[in-house]
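With this note's numbering applied, the sequence shown corresponds to residues 82 to 456, in that order. Every residue, glycine too, gets a C-beta built ideally from N, C-alpha and C. Worksheet for the structure shown next.
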Amino acid sequence: MSGPSDKELQNEVTLTYKGRVAIITFDRTKKLNAMTQQHYYRISCLLREVALRDEVVITVLTGTGRFFSAGADVGSARPPVDPNTQNSTDADKTRRDIMSGFVANNLDLTRSVYMHPKILVAALNGPAVGISAALLGFCDFIYAAPHTYFLTPFSSLGLVAEGGASYGLVQRMGISTANEALMMSRKISCEKLVHCGFVNKVFQGKDQNDSEGFLKQVLDELDDKLGSHLNSESLLGIKKLVRAPYEEALEAQGVREVMAGMSVFLKGAPQEEFRKLASGEKRHKFQFPAAHVIRKDAKWAGSPMNKLDILEVSLICLRTSHSAVLSLKQNLSAHPQSDNAWTQCSSCGCINSYILAIDHFASCRPSKLSTVTKN
82 MSGPSDKELQ
92 NEVTLTYKGR
102 VAIITFDRTK
112 KLNAMTQQHY
122 YRISCLLREV
132 ALRDEVVITV
142 LTGTGRFFSA
152 GADVGSARPP
162 VDPNTQNSTD
172 ADKTRRDIMS
182 GFVANNLDLT
192 RSVYMHPKIL
202 VAALNGPAVG
212 ISAALLGFCD
222 FIYAAPHTYF
232 LTPFSSLGLV
242 AEGGASYGLV
252 QRMGISTANE
262 ALMMSRKISC
272 EKLVHCGFVN
282 KVFQGKDQND
292 SEGFLKQVLD
302 ELDDKLGSHL
312 NSESLLGIKK
322 LVRAPYEEAL
332 EAQGVREVMA
342 GMSVFLKGAP
352 QEEFRKLASG
362 EKRHKFQFPA
372 AHVIRKDAKW
382 AGSPMNKLDI
392 LEVSLICLRT
402 SHSAVLSLKQ
412 NLSAHPQSDN
422 AWTQCSSCGC
432 INSYILAIDH
442 FASCRPSKLS
452 TVTKN
């Protein structure tokens, strides 16, 4: 599966400067700002670029639309290899591929965040999921919209902590809440994020999609609390001193995480969890609430569903095997009404648009589908 072009990457992860502030924005609204490996690499490159700008004091990470980031765009990933079908030569090649891909990229991304010398601010315009959420533990200040939640579903997918989460989240939100997020794959609400000290302050836009209005409030807050009335060298010097005791531990823990991640892939644990989802043998605990809470008042047949609502359903229902996704996508894309038709999943009863709900259908027995035409 081909990745995004250079132009797409530049448009979907942008960097702008406003005086002393650099703003890195995730702009893949149609995918709830889910990021491919190439997008994450661009983020790390931009962080390094900003680090070299003497005039910049504050770096802001934010998203467009209703989500900060839905995490990794697994639809763009290569299919995982089943270790049970490999010979020793194949296994060695798989290990090399993981080392040069997953291991290298995760180390690079995580290090670019926790070693960033500027005051790092997260403006969470909405939910943060997966590695995009994990990295937030290294931000100096975090502001959030009320509908924000935090979800790191690693344990439910046979994965281990990544993005420095096993260290950064414990430091930022405390061991109790971090264990709930990481071990239980529990969704942490905005209210609880404030209560545990993870989020500094909540700002509300006109609605959940008003990411621009939300960001303006955050920038106003930064100008008021971290503005030119404070000495820039002092600010950055204090950050360096605060972070210094943790640097050695972070370097070591980053290596432990990626090696543990490689180990579970080589053993086939994530592949088995994806297989269970694809076959319907396993359903993620957020699947049913996602399908029904988003639009409680909807009369499913022909209802005026919002496409982003639908995509949120498919993302929270989680992902499936790459081959099943590709097969289903080809079938759905060829449908003559793919632009204006909705499909009902008879496994759980929710309605989804043809193209945007691929992950959901594949995890809910794709053979059991019936077509409903949108009015």
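Quick one: residues in its chain with C-beta nearer than 6 Å to the C-beta of residue i, no 5 flanking neighbours on either side, listed in chain order?
i    : result
L96  : I105, L127
G430 : Confidence is the limiting factor: at G430 the pLDDT is only 43, short of 50, which leaves the residue's position unreliable, though a coordinate-based value still follows. Once the five neighbours on either side are set aside, G430 has no close Cβ partner at all.
T145 : D108, T110, S292
F149 : L205, N206, G207, A209
P234 : S266
What do you get for residue i, buried or exposed, if any count of 16 or more other CB atoms within 10 angstroms of its CB means buried?
i    : result
M254 : buried
V336 : exposed
M265 : exposed
E362 : exposed
L263 : buried
A172 : exposed
N114 : buried
Q91  : exposed
P326 : exposed
L216 : buried
Which residue wins for smallest C-alpha separation from residue i, given the options the options?
i    : options                : result
K111 : T191, D154, K297, D171 : D154
G244 : S270, D189, E272, Y230 : D189
G211 : R192, E354, S236       : S236
L331 : V251, S181, L113, Q298 : V251
E130 : M340, V194, F107       : V194
L232 : G152, G249, M196       : G152
N290 : L133, N92, R147, D135  : R147
R324 : P85, G218, G84         : G218
A214 : M180, G249, G182, S181 : G249
F295 : Q91, S309, H228        : H228
N281 : K306, D135, N260       : K306
G308 : L133, G100, G182, K357 : G100
Y98  : K357, E89, P85, E136   : E136
K321 : M196, Q334, H310       : M196
Considering only residues of the same chain and omitting the five flanking positions on each side of residue i, which have a CB-CB separation below 8 Å?
i    : result
L317 : V138, P198, K199, I200
V202 : I139, T140, V141, L142, C220, D221, F222, I223, Y224, V299, L303
E353 : G239
E261 : R267, I269
G84  : T117, Q118, Q119, S157
Following the continuous beta strand (DSSP E) through residue i, name the residue where it begins and the one where it ends.
i    : result
G144 : 139-144
A103 : 102-107
A79  : Residue 79 falls outside the range modelled here, since the chain spans only 82 to 456, and no answer is possible.
S346 : The question names Ser, but residue 346 in the sequence shown is Phe. Taken as a continuous stretch (DSSP letters only), F346 belongs to no beta strand (DSSP E), being part of the alpha helix (DSSP H) at 313-348.
A225 : 222-225
L113 : L113 -> no beta strand (DSSP E), and no H or E assigned at all.
L232 : 230-232
Going by the CB atoms, is the gap between residue j and residue i shorter than 8 Å?
i    : j    : result
A226 : G286 : yes
Y224 : L238 : no
V94  : R123 : yes
F279 : Q298 : no
V345 : V241 : yes
C277 : Y230 : no
L347 : T117 : no
K273 : T258 : yes
I179 : M340 : no
E338 : S247 : yes
Near residue i, what residues of its chain come up, given a Cβ to Cβ distance below 7 Å and the 5 sequence neighbours on each side ignored?
i    : result
Y121 : N186, L190
V275 : V283
P351 : P161, L238, G239, L240, V345
S125 : D189, L190, S193
S86  : none
With residue i as the anchor, note down where its alpha helix (DSSP H) starts and where it stops.
i    : result
K88  : 87-93
V299 : 292-306
L127 : 118-132
M254 : 246-254
D154 : Neither: D154 is in no alpha helix (DSSP H) and is coded neither H nor E.
E472 : The requested residue 472 does not occur in the structure, where the chain is confined to residues 82 to 456.
D189 : 185-195
S213 : 212-215
Using 7 Å as the cut-off, classify the Cβ of residue i as near or not near the heavy atoms of the ligand NAP, replying yes or no.
i    : result
I104 : Ligands displayed in this structure: none; no statement on the ligand NAP is therefore possible.
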